[in-house]
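See structure below.
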Amino acid sequence: MNNYTDLSISIYLLLFSIVSYNVLFILFLWSFWKSSYTQITTIPKEFYLTASETKYFIELEDDHDRSVFLNNLSVTKQLPILTAGKKLNAEFCDICFLLKPDRTHHCSSCMRCVPKMDHHCPWINSCIGYHNYKYFMLFIFYGFLYCILCFMGALSYLLKYLKIRPSSDTINRSWSLFCTFTLSLLSAVFALALLILLLFHTYLVFKNKSTLEYFRAPNFRHNGHRIYGFNLGWKNNFLQVFGSNIKYWLLPVFSSQGDGVSFRIRSNLDHENYSLLLSTV
Numbered sequence: 001m002n003n004y005t006d007l008s009i010s011i012y013l014l015l016f017s018i019v020s021y022n023v024l025f026i027l028f029l030w031s032f033w034k035s036s037y038t039q040i041t042t043i044p045k046e047f048y049l050t051a052s053e054t055k056y057f058i059e060l061e062d063d064h065d066r067s068v069f070l071n072n073l074s075v076t077k078q079l080p081i082l083t084a085g086k087k088l089n090a091e092f093c094d095i096c097f098l099l100k101p102d103r104t105h106h107c108s109s110c111m112r113c114v115p116k117m118d119h120h121c122p123w124i125n126s127c128i129g130y131h132n133y134k135y136f137m138l139f140i141f142y143g144f145l146y147c148i149l150c151f152m153g154a155l156s157y158l159l160k161y162l163k164i165r166p167s168s169d170t171i172n173r174s175w176s177l178f179c180t181f182t183l184s185l186l187s188a189v190f191a192l193a194l195l196i197l198l199l200f201h202t203y204l205v206f207k208n209k210s211t212l213e214y215f216r217a218p219n220f221r222h223n224g225h226r227i228y229g230f231n232l233g234w235k236n237n238f239l240q241v242f243g244s245n246i247k248y249w250l251l252p253v254f255s256s257q258g259d260g261v262s263f264r265i266r267s268n269l270d271h272e273n274y275s276l277l278l279s280t281v
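Residue numbers (full-length UniProt numbering): 1 to 281.
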């Protein structure tokens, strides 16, 4: 009876391992694909300078005059820009020739401005931003779980293998032990690295900050630097990335809120009225 019970448990564990491994592997690859190949969000044309505006901007020789022109332009176009660059001037990309929306940065690797840019990730050869931040979070989450599963499987096999009485085939035994030990070691190292990355980005999600904003706080036109200017509370911050529909949270499908170029801010900054912000030149 005990042998039958042990066999049943072993079969269930085997089935669980097979299903878990394949499900995690599929979700991991799916998240990786979406992170790497999702198109960067297109910035609306209103933020770009027209041909005549570009010509006039180039003809201006003084930096102060250019700053005044760009600030006036953001007011005229009624662009929802709450943040500013140095000296509270409108941030301008002289490569893409556009007024940068809030939290937008130019990526020298992607050669374009990326809305809500977090960082450029060499592992997926793409920028992480508004368009794929949720996918990136799921990518490192499933990668971590996948490494843990590999580590547990390799470790359990290694422990069982060590209990077996040594056979005459010491070469194959040594090679199997080496491969299993290497797998367990590598999976543990990658799991630890992914856990650190996952915890850091989980912190950023709950604080509504990007990696760039973590190192340099956004500069608001009326209130200067505010570390948590976009922090709406941990729940709203989470929903902004993962969406309000719980059934999509763990799936690499787009469910993030907003448009990537305009963002809600903390009410205590008293910036709810965009026209008030844009009135200062």
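Glycine included, every Cβ here is placed at the ideal spot set by N, Cα and C.
* Are the beta-carbon atoms belonging to Y146 and F230 less than 8 angstroms from one another? -> The beta carbons of Y146 and F230 sit no closer together than 8 angstroms.
* **Range covered by the alpha helix (DSSP H) that runs through R103** => First-last for R103: undefined, no H or E at that position.
* Asked: To which residues of the same chain is C107 closer than 8 angstroms at the C-beta, ignoring the five residues directly before and after it?
  -> Excluding sequence neighbours, C107 sits near C113, V114, M117, H120 and C127.
* To do: Report all residues from its chain with a CB closer than 8 angstroms to the CB of L197; omit the five preceding and five following residues, and keep chain order.
  => I140, listed in sequence order.
* For T42, which three-state DSSP category applies? -> In the structure shown, the three-state DSSP call for T42 is coil.
* Asked: Which residues in the same chain as L162 place their Cβ atom closer than 8 angstroms to its Cβ, once the five residues preceding and following it in sequence are excluded?
  -> Residues L177 of the same chain have their beta carbon placed closer than 8 angstroms to that of L162, with the five preceding and five following residues left out of the count.
* Any chance the stretch 131-140 sits against the stretch 51-69, with 3 or more Cβ pairs inside 8 angstroms? -> Touching, no.
* Candidates F263, V261, L155 and F254, of which the one nearest S31 by Cα -> Selected option, being the one with the closest Cα: F254.
* Looking only at C-alpha atoms, which of T76, T41, T42 and S36 sits nearest to E53? -> Nearest C-alpha to E53: T76.
* By Cβ distance below 6 angstroms, which residues in the same chain neighbour L155 in space, the five residues on each side in sequence not counted? -> Closer than 6 angstroms at Cβ, skipping near neighbours: S184.
* Rounded straight-line distance, which links the Cα of P218 to that of F238 -> Taking the straight line from one Cα to the other gives about 19 angstroms.
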